[in-house]
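Novice: One gets our numbering by counting positions in the sequence shown from 1 and adding 358 to each.
C-beta atoms are modelled at their ideal positions from N, C-alpha and C, and glycine is treated no differently.
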Amino acid sequence: MDMLETRQLAYFVAVAEELHFGRAAQRLGMAQPPLSRAIRQLERHLGVTLLDRGGRAVTLTPPGEVLLREARAALAAVGAAGRRTRRAGRTDPRLVLAMKPGGDGALLPGILAAYAAAPGMPPVELVCNFSERAAMLRDGRADVALLHGPYEDFSGLAVEDLLVEDQVVVVPRWHRLAGHAKVTMADLADETLPRWPRRLDGRSDDGPVAQDAGQLMQLIALDRLIAVLPESVRGHLREDLTCVPVVDAPRTTLVVAWPEHSRSREVAAFVQIATAVAAERRPTSQAVAVGVALTGRDGGGPERPRSRR
Numbered sequence: 359m360d361m362l363e364t365r366q367l368a369y370f371v372a373v374a375e376e377l378h379f380g381r382a383a384q385r386l387g388m389a390q391p392p393l394s395r396a397i398r399q400l401e402r403h404l405g406v407t408l409l410d411r412g413g414r415a416v417t418l419t420p421p422g423e424v425l426l427r428e429a430r431a432a433l434a435a436v437g438a439a440g441r442r443t444r445r446a447g448r449t450d451p452r453l454v455l456a457m458k459p460g461g462d463g464a465l466l467p468g469i470l471a472a473y474a475a476a477p478g479m480p481p482v483e484l485v486c487n488f489s490e491r492a493a494m495l496r497d498g499r500a501d502v503a504l505l506h507g508p509y510e511d512f513s514g515l516a517v518e519d520l521l522v523e524d525q526v527v528v529v530p531r532w533h534r535l536a537g538h539a540k541v542t543m544a545d546l547a548d549e550t551l552p553r554w555p556r557r558l559d560g561r562s563d564d565g566p567v568a569q570d571a572g573q574l575m576q577l578i579a580l581d582r583l584i585a586v587l588p589e590s591v592r593g594h595l596r597e598d599l600t601c602v603p604v605v606d607a608p609r610t611t612l613v614v615a616w617p618e619h620s621r622s623r624e625v626a627a628f629v630q631i632a633t634a635v636a637a638e639r640r641p642t643s644q645a646v647a648v649g650v651a652l653t654g655r656d657g658g659g660p661e662r663p664r665s666r667r
């Protein structure tokens, strides 16, 4: 069997990311000669060349690119297994929910109240994170998360849709667009928009990177940029900001997500409660539309959780 050790994978990932044996050795806290020997032993074990050492720089070969991708995933899975195991042994169990501040579509109070009322459920620990929520599910730092499609990566996760929203543009109250009843994306063509970490729609705006909600709202108030966001942001705006509907912006979908292989009773209960609370809050027309999207039939609920790759 081609069994690999996590130590070998960690050594290779360091070299593959640094593309320099000296820097990789420093990063790993070891001398360069044993690192070089370890990589050569790995190549001999696999029977392939992973790194092209010719020329002035180290580069990845095609097999090396494959191993880098697979090694990162394997190391992440090993780390997640350790975190989940340690958390399972806690004397004070918690269900860890990752969410973006203000990114719950006003559903979270109802969800948390219903979950707290369910018998035998542990307390919910909220972790607010602007851009790493999906990663937190994959690496074991969180049990469930509230994410937004179509912009976030759902690979390796199971999800259920909660709320579909139109989008608005958030601007200072004195901005040229502030008095409009509605705008189009073309109206925003000359404006500075934020860059979103790990955005999946291929859009690359030239504004500052959006690191967190507070920073984003401060930059808008200072006229450094404007932002197109789900309409539920209305309930979280500062007094010096306002929003205008963007009629041709793509709709966003708030989902509850969890690791696709999770067998946790607590996670299953949270997902069931979240979808029930969302269905009660959702306008009838939207509930039917989401039901059709999930099941292919009018009025039906989801037959089973979905995994999106």
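Rounded to whole angstroms, what's the CA-CA distance from alanine 389 to arginine 414? Just pull it up for me.
Specialist: Numbered from 1 along the sequence shown, position 31 holds the residue referred to as residue 389. Numbered from 1 along the sequence shown, position 56 holds the residue referred to as residue 414. Approximately 21 Å, taken between the alpha carbons.
Novice: To the nearest angstrom, report how far apart threonine 542 and alanine 579 are at their CA atoms.
Specialist: Residue mapping note: residue 542 aligns to position 184 of the sequence shown, counting from 1. Residue mapping note: residue 579 aligns to position 221 of the sequence shown, counting from 1. Approximately 21 Å between the Cα atoms of the pair.
Novice: So, does the segment 477-488 touch the segment 416-433, judging by three or more C-beta pairs under 8 Å?
Specialist: no
Novice: Using a Cβ-Cβ cutoff of less than 7 Å, which residues in the same chain neighbour serine 622 once the five nearest sequence positions on both sides are dropped?
Specialist: By one-based count along the sequence shown, residue 622 stands at place 264. Here the set comprises Asp501.
Novice: Tell me whether threonine 600 sits in a helix, a strand or coil according to DSSP, three-state version.
Specialist: Mapped onto the sequence shown, residue 600 falls at position 242. Three-state result, threonine 600: strand.
Novice: Give the secondary structure of glutamine 569 by DSSP, where H, G and I count as helix, E and B as strand, and everything else as coil.
Specialist: In the sequence shown, the residue the question calls residue 569 occupies position 211. Correct three-state label for glutamine 569: coil.
Novice: If I follow the unbroken alpha helix (DSSP H) through valine 635, where does it start and stop?
Specialist: In the sequence shown, counting from the first residue as 1, residue 635 sits at position 277. Segment 623-639, the alpha helix (DSSP H) holding valine 635.
Novice: Expressed to the nearest angstrom, what Euclidean distance is found between the alpha-carbon atoms of leucine 495 and leucine 515?
Specialist: One-based indexing of the sequence shown puts residue 495 at position 137. One-based indexing of the sequence shown puts residue 515 at position 157. In a straight line, the C-alpha of leucine 495 is about 8 Å away from that of leucine 515.
Novice: Would you say the segment 508-525 touches the segment 567-578, given that touching needs at least three Cβ pairs under 8 Å?
Specialist: In short, these stretches do not touch, since the Cβ pair count stays below three.
Novice: Give the single residue among Thr600, Pro421, Leu393 whose Cα lies nearest to the Cα of glycine 405.
Specialist: The residue you call residue 405 lines up with position 47 of the sequence shown. Selected option, being the one with the closest Cα: Pro421.
Novice: To which residues does DSSP link alanine 456 through a beta bridge?
Specialist: Within the sequence shown, numbered from 1, the residue matching residue 456 stands at position 98. Paired residues: Val485, Ala503.
Novice: Report yes or no: do three or more beta-carbon pairs, one from the segment 627-635 and one from the segment 506-514, lie closer than 8 Å?
Specialist: no
Novice: Do alanine 456 and arginine 491 come within 9 Å of each other at the CB atom, strictly closer than that value?
Specialist: Residue mapping note: residue 491 aligns to position 133 of the sequence shown, counting from 1. Residue mapping note: residue 456 aligns to position 98 of the sequence shown, counting from 1. Here arginine 491 is near alanine 456, since their CB atoms are less than 9 Å apart.
Novice: So, does the segment 592-612 touch the segment 428-443, judging by three or more C-beta pairs under 8 Å?
Specialist: no
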